[in-house]
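First the structure, in the form of structure tokens, and then the observations on it.
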Amino acid sequence: MNIVPAAGGQIISCHTEKSILRNHGGFNILMQPAMNKLVQRYHLPSIGNLTHISHLNLSHNHVHGPLPINSFHFLTLLEIIDLSYNSLSGELTGLIPSLAWNHSFCSMRLLDFSYNDFSSQVPPRLGNCSRLKSFQAGYSNLLRSLPDDIYAAASLEEPSLHFNKLSGFISNDIINLTSLLVLELYSKELIGSIPRDIGKLTNLKYLLLYRNNLSGSLPSSMMNCTNLKTLNLMGNLFAGNLSAYNFSVLSQLETIDLYINMFTGSFLLTLTSCRLLTALRLACNQLEGQIPPEIIKLKSLILMGCKNLNVLFLTMNFMNEATPNYDQNKISDGFQNLRAVSLAGCQLTGQVPLWLSKLTKLEVLLLSGNQITGSIPGWFGNLPSLFYFALSQNNISGEFPKELSRLQPLVIEQNKFNRNKPDLPFFLFPNQNSTSHQYNRIFGLRPTIFLANNSLSGRIPAETGQLKFLNVLDLGNNNFAGSIPNQISQLTILERLDLSKNHLSENNLQGPIPSGGQLHTFPPSSFEGNPEFCSDIANRSSTTEPRTTTNIGLP
Numbered sequence: 015m016n017i018v019p020a021a022g023g024q025i026i027s028c029h030t031e032k033s034i035l036r037n038h039g040g041f042n043i044l045m046q047p048a049m050n051k052l053v054q055r056y057h058l059p060s061i062g063n064l065t066h067i068s069h070l071n072l073s074h075n076h077v078h079g080p081l082p083i084n085s086f087h088f089l090t091l092l093e094i095i096d097l098s099y100n101s102l103s104g105e106l107t108g109l110i111p112s113l114a115w116n117h118s119f120c121s122m123r124l125l126d127f128s129y130n131d132f133s134s135q136v137p138p139r140l141g142n143c144s145r146l147k148s149f150q151a152g153y154s155n156l157l158r159s160l161p162d163d164i165y166a167a168a169s170l171e172e173p174s175l176h177f178n179k180l181s182g183f184i185s186n187d188i189i190n191l192t193s194l195l196v197l198e199l200y201s202k203e204l205i206g207s208i209p210r211d212i213g214k215l216t217n218l219k220y221l222l223l224y225r226n227n228l229s230g231s232l233p234s235s236m237m238n239c240t241n242l243k244t245l246n247l248m249g250n251l252f253a254g255n256l257s258a259y260n261f262s263v264l265s266q267l268e269t270i271d272l273y274i275n276m277f278t279g280s281f282l283l284t285l286t287s288c289r290l291l292t293a294l295r296l297a298c299n300q301l302e303g304q305i306p307p308e309i310i311k312l313k314s315l316i317l318m319g320c321k322n323l324n325v326l327f328l329t330m331n332f333m334n335e336a337t338p339n340y341d342q343n344k345i346s347d348g349f350q351n352l353r354a355v356s357l358a359g360c361q362l363t364g365q366v367p368l369w370l371s372k373l374t375k376l377e378v379l380l381l382s383g384n385q386i387t388g389s390i391p392g393w394f395g396n397l398p399s400l401f402y403f404a405l406s407q408n409n410i411s412g413e414f415p416k417e418l419s420r421l422q423p424l425v426i427e428q429n430k431f432n433r434n435k436p437d438l439p440f441f442l443f444p445n446q447n448s449t450s451h452q453y454n455r456i457f458g459l460r461p462t463i464f465l466a467n468n469s470l471s472g473r474i475p476a477e478t479g480q481l482k483f484l485n486v487l488d489l490g491n492n493n494f495a496g497s498i499p500n501q502i503s504q505l506t507i508l509e510r511l512d513l514s515k516n517h518l519s520e521n522n523l524q525g526p527i528p529s530g531g532q533l534h535t536f537p538p539s540s541f542e543g544n545p546e547f548c549s550d551i552a553n554r555s556s557t558t559e560p561r562t563t564t565n566i567g568l569p
């Protein structure tokens, strides 16, 4: 249907049964409900005639193309503009009504043009919108630096400009936005440091500056932001000694993410006073020392904590320290809900810590890339939920423990969708030379045993064939000898098997050895004990007809 003009102003024709026209005290409100589609794109030019409109919502449509020049210039009564989730492009010239030049007459309270493709800078004159509270512009391909006048928008509570191409610095003038509750600026191009006087923003609750090129140390005034709930500085170049900050004054903190920075110092002991903390990530920094036992005071901590602990990722920290040695009784009481642990890439010394045996809900364990010695404890087979087990690139010796064949998730099919989503995504490196993969849910991981690049010896036990729900088995570059157990054939859903660089022979393998590739570099002795092999490499003829085979990555 066509919506006709109402008293006091014109209304655009939306050609939809679900458009809503209301009249409030002479001010027309046009609402285009979410998830509909504007059929004709050329209606936008007529918006400039709707001089009495106060609310305009065209979100979640398929509006394309640039905004008409000065399309909102004379809409001086507008309080809300929502153009989000469309395909608008071009410049934002004329987006702010002309009376924005005058503080007394600008009525704008909410401006949302997120999820578009404008290729424009942030529109000027926002600073004159004295009533503006929310400015949403995420995923809009915004360019250049923030205009200086934005820092004059005294009522602004939530500027959200995430995932754009903004550049330049965050001005210290941001402290003029004393009503600020949320600051979202992550675009990969911002440089400089956090404004030194940011502590004057005492109402700030969410500081989200991740994935930029910000550097320097944290300003000491940040400890004055006592209402802060979330601090996310992930993926920057921040440095400095974290131990110098008294985080205990930030008693409202619930989430801290400092992943991938260059912070130094020891574990933040003052964090143990932040009793509301539920998520903490410190991985990929340059921290040292031990994690203090006081960590169990954080009863709500999920990503690194105690009673409600789910995930503890401290990858590439505490370099060359000894493996943490905690009181087992405290661990069993304090870390009883821990589901994933990563101390990978820390070059930790010592043996596999015994306190891990108390983590009865542990599903994922990453200890690769350390200097751990000794053998693999048999008690790993008693952990009822463990399905992802990585101890590669260590100095571990001894045999493959038969007890691992008792790992229940690898023996009996599990309902993986019962695994809840962690508070923060986590990152894994599938192998030494790969890039990291982000996982938002633990059930996204494939059942895996990584034991490559150690000094394990003896035979691969026949009990390995009981791990019927295993997807990845990597035992490469060890000292295993003897034959490959026939029971390996029972691993019918195995996707990757790597037994390379061991001393395995006498396996009665059949058929031709694939030509080319790395196999041509192996001497004939690598294939001894398999009389039905044939190729120029082994220098013998096959006694069987060629048949389809499965490549399993081994000599």
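Under this note's numbering, think of the first position of the sequence shown as 15, with each following residue one higher. A virtual CB, placed ideally from N, CA and C, is assigned to each residue, including glycine. Here the structure is a predicted model, which means the values were calculated and not measured.
*Could you spell out the range, first to last residue, of the alpha helix (DSSP H) harbouring L424?*
In the sequence shown, the residue the question calls residue 424 occupies position 410. L424 -> alpha helix (DSSP H) spans Q422 to V425.
_Here's a check: name, in chain order, each residue in its chain whose Cβ is nearer than 6 Å to the Cβ of H517, leaving out the five neighbours to either side._
On the sequence shown, residue 517 is found 503 positions in, with the first residue counted as 1. A495.
*Is S265 closer than 8 Å to T284 when the C-beta atoms are compared?*
By one-based count along the sequence shown, residue 284 stands at place 270. By one-based count along the sequence shown, residue 265 stands at place 251. No; because the gap between Cβ atoms is not below 8 Å, this pair is not in contact.
*Is L14 near Y165, with beta carbons less than 8 Å apart?*
A question about residue 14 goes unanswered here, because the residues of the chain that appear run from 15 up to 569.
_If distances are taken between C-alpha atoms only, which option among N217, I208 and L140 comes closest to N227?_
Here the question's residue 227 lines up with position 213 in the sequence shown. Considering only alpha carbons, the answer is I208.
*Which of helix, strand or coil does DSSP assign to Y402?*
Stepping through the sequence shown from its first residue, residue 402 is reached at position 388. Strand at Y402.
*asked:* Report the CB separation of L484 from I463 in whole angstroms; it is logged as a contact under 8 Å.
replied: The count along the sequence shown starts at 1 and reaches residue 484 at position 470. The count along the sequence shown starts at 1 and reaches residue 463 at position 449. Sure, about 7 Å apart at Cβ, within 8 Å.
*Taking the CB atoms as reference points, tell me whether L465 and L489 lie closer together than 8 Å.*
Counted from its first residue, the sequence shown places residue 465 at position 451. Counted from its first residue, the sequence shown places residue 489 at position 475. Cβ distance < 8 Å, so L465 and L489 count as in contact.
_Would L362 and N384 qualify as a contact pair, given that the criterion is a beta-carbon distance under 8 Å?_
As a first step, residue 362 must be located in the sequence shown, where it is residue number 348. As a first step, residue 384 must be located in the sequence shown, where it is residue number 370. Closer than 8 Å, so yes.
*Same chain, Cβ closer than 7 Å to Q504, neighbours up to 5 away in sequence not counted*: In the sequence shown, counting from the first residue as 1, residue 504 sits at position 490. The answer, listed in chain order, is G479 and K482.
*Which two residues bound the contiguous beta strand (DSSP E) that contains F252?*
Sequence index remark: in the sequence shown, residue 252 carries index 238 (1-based). Residues L251 to N255.
*Assuming I410 and L470 make a contact with CB atoms under 8 Å, what is their CB distance in whole Å?*
Looking up residue 410 in the sequence shown gives position 396. Looking up residue 470 in the sequence shown gives position 456. With a Cβ gap of about 6 Å, I410 and L470 count as contacting.
*Cβ of G359 within 8 Å of Cβ of A336?*
The sequence position of residue 359 within the sequence shown is 345, counting from 1. The sequence position of residue 336 within the sequence shown is 322, counting from 1. No, the Cβ-Cβ distance between G359 and A336 is not below 8 Å.
*May I ask which residues mark the beginning and end of the beta strand (DSSP E) holding D162?*
Counting from 1 along the sequence shown, the entry for residue 162 is found at position 148. Here D162 belongs to no beta strand (DSSP E), and DSSP marks it neither H nor E.
*If we count the other Cβ atoms within 10 Å of its Cβ and call it buried at 16 or more, is H76 buried or exposed?*
Position 62 of the sequence shown, counted from the first residue, corresponds to residue 76. That one is exposed.
*Can you pull the DSSP bridge partners for Y220?*
Numbered from its first residue, the sequence shown carries residue 220 at position 206. V196 and T244.
*asked:* Output needed for G104: all residues of its chain with C-beta closer than 8 Å, excluding positions within five of it in sequence on either side, in chain order.
replied: Here residue 104 refers to the residue found at position 90 of the sequence shown. Answer for G104: G79, P80, L81, F132, S133 and S134, listed in chain order.
*Below 8 Å on the Cβ atoms is my guess for R145 versus S121; work out the distance and round it to an integer in Å.*
Residue numbering aside, residue 145 sits at position 131 when the sequence shown is read from its first letter. Residue numbering aside, residue 121 sits at position 107 when the sequence shown is read from its first letter. That belief holds up - the Cβ atoms of R145 and S121 are roughly 6 Å apart, short of 8 Å.
*Relative to the C-alpha of F127, which residue among N100, G141 and E198 is closest?*
As a working mapping, residue 127 is identified with position 113 in the sequence shown. Closest option to F127, Cα to Cα, is N100.
_Beta-carbon within less than 7 Å of Y153's beta-carbon, same chain only, minus the 5 sequence neighbours each way: which residues are those?_
Residue 153 sits at position 139 when you count from the first residue of the sequence shown. Closer than 7 Å at the Cβ level, and outside the excluded window around Y153, lie S128, Y129 and F177.
*Does the Cβ of K624 have 16 or more other Cβ atoms within 10 Å, making it buried, or fewer, making it exposed?*
An answer regarding residue 624 cannot be provided, because it is not within the stretch 15 to 569 covered by the chain.
*asked:* Let me check you understand the geometry: is the CB of L125 closer than 7 Å to at least one non-hydrogen atom of the ligand ZN?
replied: Ligands displayed in this structure: none; no statement on the ligand ZN is therefore possible.
*Just grab the DSSP bridge partners of K179 for me.*
On the sequence shown, residue 179 is found 165 positions in, with the first residue counted as 1. The partner list for K179 (beta bridge, DSSP) reads L157.
*Quick one: measure Cβ to Cβ for L282 and S257, integer angstroms, because I've assumed they're closer than 8 Å.*
Along the sequence shown, read from residue 1 onward, the residue named residue 282 stands at position 268. Along the sequence shown, read from residue 1 onward, the residue named residue 257 stands at position 243. With a Cβ gap of about 7 Å, L282 and S257 count as contacting.
*CB contact flag (I274, G249, <8 Å)*: On the sequence shown, residue 274 is found 260 positions in, with the first residue counted as 1. On the sequence shown, residue 249 is found 235 positions in, with the first residue counted as 1. Their beta carbons are under 8 Å apart, which means I274 touches G249 by this criterion.
*Using CA coordinates, which residue listed in L222, V355, E302 and M330 is at the minimum distance from S201?*
Taking the first residue of the sequence shown as 1, we reach residue 201 at position 187. Among L222, V355, E302 and M330, the Cα nearest to that of S201 is on L222.
_As assigned by DSSP and simplified to three states, the class of D211_ = To locate residue 211, count along the sequence shown from 1; it is residue 197. Coil at D211, not helix or strand.
*Range of the contiguous beta strand (DSSP E) that encloses D512*: By one-based count along the sequence shown, residue 512 stands at place 498. Unbroken beta strand (DSSP E) run through D512: R510 to D512.
_Assuming the contact rule is C-beta atoms closer than 8 Å, M276 and N299 should be a hit. Round their C-beta distance to whole Å, please._
The sequence position of residue 276 within the sequence shown is 262, counting from 1. The sequence position of residue 299 within the sequence shown is 285, counting from 1. The pair is a contact, with the Cβ atoms about 7 Å apart (cut-off 8 Å).
_If you reduce the DSSP assignment to three classes, tell me which class T284 lands in._
Along the sequence shown, one-based indexing puts residue 284 at 270. Helix, per DSSP.
*From L106 to I95, what does the alpha carbon distance come to, in whole angstroms?*
On the sequence shown, residue 106 is found 92 positions in, with the first residue counted as 1. On the sequence shown, residue 95 is found 81 positions in, with the first residue counted as 1. L106 and I95: Cα-Cα distance of roughly 13 Å.
*If you draw a straight line from the C-alpha of I184 to the C-alpha of E268, how long is it?*
Here residue 184 refers to the residue found at position 170 of the sequence shown. Here residue 268 refers to the residue found at position 254 of the sequence shown. Distance between the alpha carbons of I184 and E268: 25 Å.
*Going by C-alpha distance, which of N500, V486 and N492 is nearest P475?*
For the purposes of this step, residue 475 is taken as the residue at position 461 of the sequence shown. Residue N500 is the option with its Cα nearest to P475.
*From which residue to which residue does the beta strand (DSSP E) around D126 run?*
Mapped onto the sequence shown, residue 126 falls at position 112. Segment L124 to D126, the beta strand (DSSP E) holding D126.
*Could you round the C-beta distance between T216 and T240 to whole angstroms and report it? I think they count as a contact, below 8 Å.*
As a working note, residue 216 is residue 202 in the sequence shown. As a working note, residue 240 is residue 226 in the sequence shown. Confirmed, Cβ separation roughly 7 Å.
*Between S231, N238 and L175, which lies nearest to L160 when the distance is taken from Cα to Cα?*
Translated into the one-based positions of the sequence shown, residue 160 becomes position 146. It is L175 whose Cα lies nearest to the Cα of L160.
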